Amino acid sequence: MIHPTTVIHPDAKIEKNVEIGPWTIIGPHVEIGENTWIGPHVVIRSHTKIGPNNKIYQFSSIGEDPQDLTYKGEPTWLIMGEGNTVREFCTLHRGTPSGRQATHIGNHNLFMAYTHIAHDCKIANNTIFINNAALAGHVSVEDFAIVGSFSAVHQLCRIGAHSFIARATMVSKDVLPFTLISGYDATTYGLNTRGLKRRGFSDATISTLKKAYNIIFRQGNTVDQAID
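Residue numbers for the sequence shown follow this note's numbering, so the first one is 178 and each next one is one higher.
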């Protein structure tokens, strides 16, 4: 069902079984996959591909122009996979010509209210962004990572798989996979043990990861020494 007050550009492509709420705007060069639900007052600006089975809640802004002073209106993209949930007031921006030329969002991610995903970010699968989490441009987030509420990630950082960033953390460098990060200076406090157990990691695997963590962080080694 598409509400009669919805505004859909003639260049947009809407697949079957898509539901769009009142006063939503679908711009040019937008593709919406089947069984996707879009609430009221959503704006999907332009040059955006959204796969099947996504849910986008009211007042979200998807595929808007990047907040980059070098951007001059070029046709860059936002590409979203399947099964994602985008809650109220989220902002997901397109890429830039000088970056990846697209913002990529994988599958089965949860973006809680007021999350911001800037230009050229690459989000993998099964990640969670808690309320008011924000990524600057060109950030990569790997599978099953969690970014806490009111946390901010600096441009070009990489957030490793299965890592957990606690609330109100300021991340200005890469986050290793499997680790727990917290604080204004993004201190590493150990492994994300609880998260690993929830995802079915065996005790033996977690023990091996703890040994690797101690070699890297607790024995005074340089990175080269830890790798050796």
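Glycine residues also receive a C-beta, built at the ideal position from the N, C-alpha and C atoms.
Here the structure is a predicted model, which is why all the values come from computation and not from measurement.
Where G240 sits in the DSSP three-state scheme: strand
Boundaries (first-last residue) of the beta strand (DSSP E) holding I227: T225 to I227
For T189: DSSP bridge partner residues: Residue identity differs from the one stated: residue 189 is Ala in this sequence, not Thr. According to DSSP, A189 bridges with nothing at all.
Inter-residue CB distance, I300 and G283 (contact presumed, cutoff 8 Å): 6 Å
Chain C contact for S379 (CB, 8 Å cutoff): Absent from the structure is chain C; it holds one protein chain and no more.
Assumed close pair Q235, V219 - CB separation to whole angstroms, cut-off 8 Å: 6 Å
First through last residue of the alpha helix (DSSP H) which encompasses I256: Premise fails: I256 lies in the beta strand (DSSP E), W254 to M257, not in any alpha helix (DSSP H).
Unbroken alpha helix (DSSP H) run spanning I404, endpoints: V400 to I404
Spatial distance of N303 from I323 (CA atoms): 9 Å
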